[in-house]
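Count along the sequence shown starting at 1, add 22, and that's the number in our numbering. First the structure, in the form of structure tokens, and then the observations on it.
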Amino acid sequence: STMKDWERRTSTRIMEGYGMTETSSLSHASPHHRPKPGTFGVPIPNVLAAIVDPEGTDYIGVGEVGELVVSGPNIMEGYWERPEDTRESLIEMEGRRWLRTGDLVSMDEEGYFRFFDRKRDLIKYKGYSVFARHVEEVLYGHPMVKAAGVVGVPDPKVGQIIKAYVVLQSEARGKISEEEIMEYCKQHLAHYKVPKIIEFRGELPKTDVGKVSRRELREEAEER
């Protein structure tokens, strides 16, 4: 794996953690003496974390996926001159102030947290929940796929249709069809996770940090 290869080459460890601007940077970190690869660790001292129903405040059990909420002295007071956003993000539970992070995670029996996707990127298809990130990971497994972005397109019958924007490696352009990519997905994904639409692109929009911008792709798909 990348982590083991890094450790072998540099004799140092990659320590995973989690944080956002609203939590004054860090809220979770991997214990140095017992890291668990694939997770972003446990809450740092003086910080509480829980997982709740993305549409409410009911707690989600161990091993189940829900929205991460964080409470502690590091939580922001609110968004500057954005009262509506502040009301949506900061909630009261059991006498404490909690931040809704918008991230979908799970927690194991030892209290380690694992990231799945952003809440806004969760696709609802015929009652199934599909993580865009999971579909993208499968697409990136194809040797001729250079970049991919997956979004849900609103549909009155099924909720959302899964659409994948794909950039092929230069040597594959004009040689691999959308049907071939879809067939590859069928071999590696449950039937309800397979994209119904594949669209080839020369490039995909990126965020300021270089990630594929699902937001821009989603807005474009919804405008059509």
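Glycine residues also receive a C-beta, built at the ideal position from the N, C-alpha and C atoms.
Shown here for residue 53: same chain residues with a beta carbon closer than 8 Å to its own, the five before and five after excluded, namely 63 and 64 in chain order. Looking at the DSSP output, residue 93 sits in a beta bridge with 70. In this structure, residue 126 sits near residue 141, with a CB-CB distance shorter than 8 Å. Distance from the CA atom of residue 152 to the CA atom of residue 214, rounded to whole angstroms, is 8 Å. In the DSSP assignment, residue 182 forms a beta bridge with 176. In this structure, DSSP gives residue 105 a helical state, which the three-state scheme calls helix.
Residue burial is scored here from C-beta neighbours: residue 209 has fewer than 16 other C-beta atoms within 10 angstroms and is therefore classed as exposed.
A direct Cα-Cα distance of roughly 16 Å separates residue 227 from residue 245. In this structure, DSSP gives residue 146 an extended state, which the three-state scheme calls strand.
Sixteen is the threshold: since fewer than 16 other Cβ atoms of the shown chains lie within 10 Å of the Cβ of residue 199, the residue is exposed. Look at residue 162 here: in three-state DSSP terms it is helix.
Segment contact: the stretch 103-120 against the stretch 167-184, fewer than three CB-CB distances shorter than 8 Å; contact not assigned. With 16 or more other Cβ atoms from the protein chains shown falling within 10 Å of its own Cβ, residue 160 counts as buried. Only buried fits residue 91, as 16 or more other CB atoms lie within 10 angstroms of its CB. Separation of residue 243 and residue 230 (C-alpha to C-alpha, rounded to the nearest whole angstrom) is 21 Å.
In the DSSP assignment, the residues bridged to residue 169 are 189. Of the other Cβ atoms in all chains shown, fewer than 16 fall within 10 Å of the Cβ of residue 28; this residue is therefore exposed.
About 7 Å separates the beta carbons of residue 170 and residue 187, which is inside the 8 Å limit, making them a contact pair. When DSSP states are grouped into helix, strand and coil, residue 61 belongs to the coil group. Taking each of 139, 241 and 134 in turn and checking the Cα distance to residue 50, the smallest one comes out for 134. Between residue 72 and residue 81, the C-beta gap is smaller than 8 Å, which places the two residues in contact.
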